[in-house]
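Structure, as structure tokens:
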Amino acid sequence: MTRLSSLLAVAGCLLLASCGSSGPPRVERLSTVAVSGVLTFNGTPLESHRVTFYPIGGDRPANGVTDAAGKFTLGTNEPGDGCPVGKYKVSISFSPTVQADYSTDGGIEDPAKMPKPKVKIPVKYADPETSGVTQEITGSVSDLKIDLQ
Numbered sequence: 180m181t182r183l184s185s186l187l188a189v190a191g192c193l194l195l196a197s198c199g200s201s202g203p204p205r206v207e208r209l210s211t212v213a214v215s216g217v218l219t220f221n222g223t224p225l226e227s228h229r230v231t232f233y234p235i236g237g238d239r240p241a242n243g244v245t246d247a248a249g250k251f252t253l254g255t256n257e258p259g260d261g262c263p264v265g266k267y268k269v270s271i272s273f274s275p276t277v278q279a280d281y282s283t284d285g286g287i288e289d290p291a292k293m294p295k296p297k298v299k300i301p302v303k304y305a306d307p308e309t310s311g312v313t314q315e316i317t318g319s320v321s322d323l324k325i326d327l328q
């Protein structure tokens, strides 16, 4: 009977262990429309800048990073999938891509060695409350232009 009790105890533990959650909680997938455009500062394309759309009234922001020509594509649920229709406050901040050096731990110990933006923009643009940049998305758009002054 001891053997049977042991087997039942092990089976019970396995059953309880399998009842737990299997990974992180799922986040609701928001309905989005395709949004892409170009970011410039006084007409000069901004490379490696994160453009973030914060919905007025809450919910999840959409963001994308500009390429060498200043082009970006927004993503909300996953990179490049667009953003929901609505009104947004926008922030723009430098977001350098750092190449990992696999010969070391991959980190940059000296901040002076971090990549620098080719074009420096005023710090006010990094905060959606002070940037002064707003956008309304009513449907898919592929030629959105944001020119900072």
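With this note's numbering applied, the sequence shown corresponds to residues 180 to 328, in that order.
Positions of the beta carbon are idealized from the N, C-alpha and C atoms, including for glycine.
All values derive from a computational prediction rather than experimental measurement.
Residue 312 to residue 304, Cα distance in whole Å? Each residue's CA atom was taken as its position, placing residue 312 and residue 304 some 8 Å apart.
| query | In terms of residue numbering, what span does the beta strand (DSSP E) encompassing residue 234 cover? | reply | Note, residue 234: beta strand (DSSP E), 228-234.
Quick one: what does DSSP say residue 327 is sitting in, helix, strand or coil?
It is a strand residue.
Open item on the list: Buried or exposed, going by whether 16 or more other CB atoms sit within 10 Å of the CB of residue 235?
Closed with: Around the CB of residue 235, fewer than 16 other CB atoms lie within 10 Å, so the residue is classed as exposed.
- Query: Which value, in whole angstroms, describes the spacing of the CA atoms of residue 212 and residue 297?
  - Reply: Residue 212 and residue 297 have their alpha carbons spaced roughly 31 Å apart.
- First and last residue of the beta strand (DSSP E) that includes residue 272? First-last of the beta strand (DSSP E) with residue 272: 265-273.
- Query: Using CA coordinates, which residue listed in 324, 217, 327, 320 is at the minimum distance from residue 245?
  - Reply: It is 217 whose Cα lies nearest to the Cα of residue 245.
Q: Just the C-alpha distance for residue 325 and residue 219, rounded to the nearest angstrom, thanks.
A: Taking the straight line from one Cα to the other gives about 6 Å.
Go ahead and pull the three-state DSSP assignment for residue 393. Because the chain spans 180 through 328 in this model, residue 393 falls outside it and cannot be assessed.
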